[in-house]
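Just so we're aligned, residue 514 is where the sequence shown starts under the working numbering, counting upward by one.
Virtual Cβ for every residue (Gly too), placed ideally from N, Cα, C.
These notes are about the structure you will find just below.
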Amino acid sequence: MDLRFQAGGPEAWSADAVVLFLAEGEKLEQAASDLVDSIAWLTIAPGTRDFRGKKGEVSVIYGPPAHPLSRALLVGLGNLSELTKGEILDRVREASGLAAVRCRDLGLETFGIPVSSLFRLHEDGERVVEETVCAAMLGLWRNNRFKSSSTRESEPVDPRWMGILAHEDAVDDKVRTAARRGESCAEAVILARNLANTPANHLTPEDLASEAAKVARRHGMSCEVFGRKEIIELGMGAFAAVAAGSVNEPRLVILEHVPSGHEEEAPLVVVGKGITFDSGGICIKPAAGMWEMKGDMGGAAAVLGLFEALGQLDVQRRVIGLMACAENMPDAHSVRPGDVVTTLAGKMVEIVNTDAEGRLVLCDALAYAQKRWTPSMLVDVATLTGACVVALGDDVAGLFCQDATLAQRIKDLGEIVGEPYWPLPLWDRYFENLKSETADFANSGARAGGACSAGVFLKQFVKPEIPWAHLDVAGPAFVTRKIVNCPAGATGFAVRTLVELALA
Ligand code: BES
Ligand code: MN
Ligand code: ZN
514 MDLRFQAGGP EAWSADAVVL FLAEGEKLEQ AASDLVDSIA WLTIAPGTRD FRGKKGEVSV
574 IYGPPAHPLS RALLVGLGNL SELTKGEILD RVREASGLAA VRCRDLGLET FGIPVSSLFR
634 LHEDGERVVE ETVCAAMLGL WRNNRFKSSS TRESEPVDPR WMGILAHEDA VDDKVRTAAR
694 RGESCAEAVI LARNLANTPA NHLTPEDLAS EAAKVARRHG MSCEVFGRKE IIELGMGAFA
754 AVAAGSVNEP RLVILEHVPS GHEEEAPLVV VGKGITFDSG GICIKPAAGM WEMKGDMGGA
814 AAVLGLFEAL GQLDVQRRVI GLMACAENMP DAHSVRPGDV VTTLAGKMVE IVNTDAEGRL
874 VLCDALAYAQ KRWTPSMLVD VATLTGACVV ALGDDVAGLF CQDATLAQRI KDLGEIVGEP
934 YWPLPLWDRY FENLKSETAD FANSGARAGG ACSAGVFLKQ FVKPEIPWAH LDVAGPAFVT
994 RKIVNCPAGA TGFAVRTLVE LALA
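Written as C-alpha cells, this is what we have:
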C-alpha cells in the first residue's frame, strides 16, 4: 500500500473512505467539527447513532455514492482519560490497523485520515501520524510468502493507497516526514518479520548474510562477512562450537552505516542473535514447538530491520550492526556437553548445555565489537531464554542494563513505539549459577533465574565502562497467537526501539 498526501481541506479530498478515530462517548461533532461542516451527510447519516467509540468498535457509515467522500469508517479508541502517551498510541495503533483491514475486507481501494483528527489525540501530533501510518501498514501485512499463488489470489487485495488529509493549502513538511517515517519503520519491521518467519531450509546463515548484503547494497553501506574459517582463525571458539554440528556454515555479518562527516564518531553498536534453527544440538529439544526455533534469529532480523530503516531515513549517526548467524544441530561433529572452548575474550567456557547456544555466539560477537571499536552504546538483541518468557509473559521483553540512563531510555522509547520492556537484574549473585569445576565458568546452570544467569554470562564479556543493554526478546519476537497488527509468528519486535535509539 502506498502513501498519498492530499491538501486543501474536505472539499478537495477524495478517497473511497474517510477514517475517523473516536474516543468513547465522543460525539462526531466534537471529534471532527471541521469535517461535519463540509461533509453534511455525515451528521445526518443514521448509522452514526449507535456508535459508542468502544475500543475495537468499527462502524461503516454511507453517504451519497456520488460524493468524493462517500463513506466514513468510525473506529473506537475506548476511554482515553488518564492514559499515558504510550497507552494512547497503543489505542491509535490498534484502531489504525483495524481500519486498514476493514477497508481491505470491504474491497476499498483507497482511504484517507484527516491530520486534524490525529493531532487532537496527543500534543505530539506528528508521532500520532507516524504511528497511524506504521500501524496501518503492519496491520495489513500477511505472512503469505510460502503460500502458493492460488492461495494468495483467493485473499482480499490490499488498498492501493492510504491518504494523509490536510486542511492547509499544502501538507506541512513535518507531517509529511512523520508519515514517511511511519512507512519506513513498517517496511523495516516487515523485513524482520519475513526473515524470522522463513523456514530454516529456506534461510541458512549464508542466506541471512546475503539478505544483509542486499540491504547494505541498497543503501550504500558496508557489509563484511566472516565464514567458519575466519570465525575459527579469529579465535571465536564459542561461536564456532555452536556451528560445529551443521553442514550450513556460520556467518558473522558486520554492517556499518556511516553518514559522511560521522566517520570518527564513537558508534552505536547493535548485536543480534542469528540462530537460523535451534534444535538444541546434542541436548536436543523436545519435538513439540521445536519448529518455532526457525525464529531464533529474531535478534539478527531486528538488527537488519534497523539497517533498512537507517538507510531509508538517512539517520545522521554512525551505527554498526553485528549478526551472529549459525545453525545449532546435533551431528557427529557437534560440540558435546562438557566440552571446553576458548572464547575470543580469552575466557574458557565449559559448554554444559548445548541448547544454551545463543550466549555462546553472542559472547564472541560482543568481544569482537569491543576489540574493534569503542562503542558509545552497545545493545544486544536475542531470543535468549525460555525463562524470560516465564518471567514476563510472551509480549514483554526483558531489559538487562546497569546503565540507568540507557535503561530508562530504552524503556521509555519502547513504550512510545509499543514494544514494552521490563527491567531484570544483572547481579553478580547469578554468576554463582555458572560455576564450573573444569573451566573458568559454564554456559548454563540451575533452571531458576535462567534469564538472569544468561544476562550475567554475557556481562562477563562486556567492559564495565561501556553502556550496555541486553534485550531478551524470546517472548515478544515470536508469538503463537495473533496479536494487535500481527498474525501469529514473527513480530519484528525491537526494530522500532532500535530505530528510536539511533534517532535519539
Ligand atoms: N532459543 C532458545 C530460547 C527460547 C525459548 C526462545 C523459547 C524462544 C522461545 C535458547 O537457545 C534456549 O534454548 N535456551 C534455553 C537455555 C537453557 C538450556 C539454559 C532455555 O531457555 O531453555
Ligand atoms: Mn537453545
Ligand atoms: Zn536459541
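Inset, instruction - In angstroms with no decimal places, state the Cα-to-Cα distance between Arg-764 and Gln-883. - result: To locate residue 764, count along the sequence shown from 1; it is residue 251. To locate residue 883, count along the sequence shown from 1; it is residue 370. Per the coordinates, the alpha-carbon of Arg-764 lies some 19 angstroms from the alpha-carbon of Gln-883.
Inset, instruction - Go ahead and pull the three-state DSSP assignment for Gly-799. - result: For this step, residue 799 is matched to residue 286 along the sequence shown. The displayed chain sequence assigns Pro, not Gly, to residue 799. Coil.
Inset, instruction - Would you mind stating whether Arg-731 and Gly-1005 have Cβ atoms separated by less than 7 angstroms? - result: Counting from one through the sequence shown, the residue named residue 731 turns up at place 218. Counting from one through the sequence shown, the residue named residue 1005 turns up at place 492. The answer is no: Cβ separation not under 7 angstroms.
Inset, instruction - Could you check the C-alpha separation between Thr-717 and Ala-839 for me, to the nearest Å? - result: For the purposes of this step, residue 717 is taken as the residue at position 204 of the sequence shown. For the purposes of this step, residue 839 is taken as the residue at position 326 of the sequence shown. C-alpha separation (whole angstroms): 8 angstroms.
Inset, instruction - Would you identify the three-state DSSP class for Trp-526, choosing helix, strand or coil? - result: On the sequence shown, position 13 is the one that residue 526 refers to. Correct three-state label for Trp-526: coil.
Inset, instruction - Give the secondary structure of Leu-897 by DSSP, where H, G and I count as helix, E and B as strand, and everything else as coil. - result: Working through the sequence shown from its first residue, we reach residue 897 at position 384. Residue state, collapsed to three classes: coil.
Inset, instruction - Determine the contact status of Thr-856 and Ala-952, defining contact as a CB-CB distance below 7 angstroms. - result: Working through the sequence shown from its first residue, we reach residue 856 at position 343. Working through the sequence shown from its first residue, we reach residue 952 at position 439. Result no, Cβ atoms of Thr-856 and Ala-952 do not sit closer than 7 angstroms.
Legend entry - Distance cut-off 6 angstroms: Asp-985 Cβ against heavy atoms of the ligand MN: Here residue 985 refers to the residue found at position 472 when the sequence shown is read from its first residue. Outside the cutoff, so no.
Legend entry - Spatial neighbours of Ser-527 in its chain, beta-carbon cut-off 6 angstroms, leaving aside the 5 residues before and after: What you label residue 527 is simply residue 14 of the sequence shown in a count that begins at 1. Annotation for Ser-527: Pro-581 place their beta carbon closer than 6 angstroms to its own, counting only its chain and skipping 5 residues before and after.
Inset, instruction - Using beta-carbon positions only, say whether Val-1012 and Leu-819 come within less than 7 angstroms of one another. - result: Start at 1 with the first residue of the sequence shown, and residue 1012 comes out as number 499. Start at 1 with the first residue of the sequence shown, and residue 819 comes out as number 306. Against a cut-off of 7 angstroms, the Cβ pair of Leu-819 and Val-1012 comes out as a contact.
Legend entry - Cβ-based burial, Glu-644 [other Cβ within 10 Å; buried from 16]: As a working note, residue 644 is residue 131 in the sequence shown. If you draw a 10 Å sphere on the C-beta of Glu-644, you find 16 or more other C-beta atoms in it, and that means buried.
Legend entry - Cut-off 6 angstroms between Cβ atoms - residues of its own chain near Glu-928, not counting five sequence neighbours on either side: On the sequence shown, residue 928 is found 415 positions in, with the first residue counted as 1. Taken in chain order, the residues that qualify are Gly-599.
Inset, instruction - Measure the alpha-carbon distance for His-983 versus Ser-667 and round it to whole angstroms. - result: Indexing the sequence shown from 1 puts residue 983 at position 470. Indexing the sequence shown from 1 puts residue 667 at position 154. Roughly 43 angstroms between the two C-alpha positions.
Legend entry - DSSP state of Gly-808 mapped onto helix, strand, coil: Looking up residue 808 in the sequence shown gives position 295. Three-state result, Gly-808: helix.
Legend entry - Residue environment, Arg-606, which counts as buried when at least 16 other CB atoms sit within 10 Å: Translated into positions along the sequence shown, residue 606 becomes position 93. Buried: at least 16 other Cβ atoms inside 10 Å.
Inset, instruction - Would you please state the rounded distance, in angstroms, between the beta carbons of Val-628 and Leu-590? I believe it to be under 8 angstroms. - result: Here the question's residue 628 lines up with position 115 in the sequence shown. Here the question's residue 590 lines up with position 77 in the sequence shown. Not quite, the Cβ-Cβ distance comes to about 17 angstroms (not below 8 angstroms), so this is no contact.
Legend entry - Asp-893 Cβ short of 6 angstroms to the ligand ZN heavy atom set: Translated into the one-based positions of the sequence shown, residue 893 becomes position 380. Asp-893 Cβ: outside cutoff for every heavy atom of the ligand ZN.
Inset, instruction - On a CA-only basis, which of Trp-940, Ala-536, Asp-550 is nearest Lys-567? Give me that one, please. - result: The count along the sequence shown starts at 1 and reaches residue 567 at position 54. Of the listed residues, the one whose Cα sits closest to Lys-567 is Ala-536.
Legend entry - Beta bridge counterpart(s) of Lys-786 as assigned by DSSP: For the purposes of this step, residue 786 is identified with residue 273 of the sequence shown, where counting begins at 1. Under DSSP, Lys-786 forms a beta bridge with Ala-837.
Inset, instruction - Report whether the distance from the Cβ of Asn-866 to the nearest heavy atom of the ligand BES is below 6 angstroms. - result: Within the sequence shown, numbered from 1, the residue matching residue 866 stands at position 353. Yes; taking the cut-off as 6 angstroms, the Cβ of Asn-866 has a heavy atom of the ligand BES nearer than that.
Inset, instruction - Return the residue from the list Ala-869, Glu-978, Asp-907, Glu-950 that minimises the CA-CA distance to Gly-968. - result: For this step, residue 968 is matched to residue 455 along the sequence shown. From the listed residues Ala-869, Glu-978, Asp-907, Glu-950, the smallest Cα separation to Gly-968 is found for Ala-869.
Legend entry - Beta bridge counterpart(s) of Tyr-934 as assigned by DSSP: For the purposes of this step, residue 934 is taken as residue 421 along the sequence shown, with counting starting at 1. The secondary-structure analysis by DSSP pairs Tyr-934 across a beta bridge with Ala-910.
Legend entry - CA nearest to the CA of Leu-721, picked from Val-997, Phe-564, Leu-768: Here residue 721 corresponds to residue number 208 of the sequence shown, with the count starting at 1. Looking at the Cα atoms, Leu-768 is the closest of the given residues.
Legend entry - Identified DSSP bridge partners for Gln-519: On the sequence shown, position 6 is the one that residue 519 refers to. Leu-678.
Legend entry - Sequence-distant residues of the same chain with beta carbon closer than 6 angstroms to Ala-699, five excluded per side: Reading the sequence shown from its first residue, position 186 is the one you call residue 699. Counting only Cβ-Cβ distances below 6 angstroms, and skipping sequence neighbours, we find Cys-647, Met-650, Leu-651.
Legend entry - Beta-bridge pairing of Arg-584 - partner residues as DSSP gives them: For the purposes of this step, residue 584 is taken as residue 71 along the sequence shown, with counting starting at 1. According to DSSP, Arg-584 bridges with Tyr-575.
Legend entry - Any non-hydrogen atom of the ligand MN within 6 angstroms of Glu-950 CB: Along the sequence shown, read from residue 1 onward, the residue named residue 950 stands at position 437. Proximity of the beta carbon of Glu-950 to the ligand MN is not indicated: no heavy atom of the ligand is located closer than 6 angstroms.
Legend entry - Gln-921 to Ala-1007 span [Cα, whole Å]: Counting from one through the sequence shown, the residue named residue 921 turns up at place 408. Counting from one through the sequence shown, the residue named residue 1007 turns up at place 494. Ala-1007 has its alpha-carbon roughly 15 angstroms from the corresponding atom of Gln-921.
Legend entry - Reduced DSSP secondary structure (H/G/I, E/B, other) of Ile-557: Along the sequence shown, one-based indexing puts residue 557 at 44. The answer is helix: DSSP assigns Ile-557 an H, G or I state.
Inset, instruction - Counting only the same chain and skipping the five closest in sequence on each side, list residues whose C-beta sits under 7 angstroms from that of Leu-919. - result: On the sequence shown, position 406 is the one that residue 919 refers to. Closer than 7 angstroms at Cβ, skipping near neighbours: Met-890, Pro-980, Ala-982.
Legend entry - Cα-Cα separation between Gly-787 and Asp-877, rounded to whole angstroms: One-based indexing of the sequence shown puts residue 787 at position 274. One-based indexing of the sequence shown puts residue 877 at position 364. Distance between the alpha carbons of Gly-787 and Asp-877: 13 angstroms.
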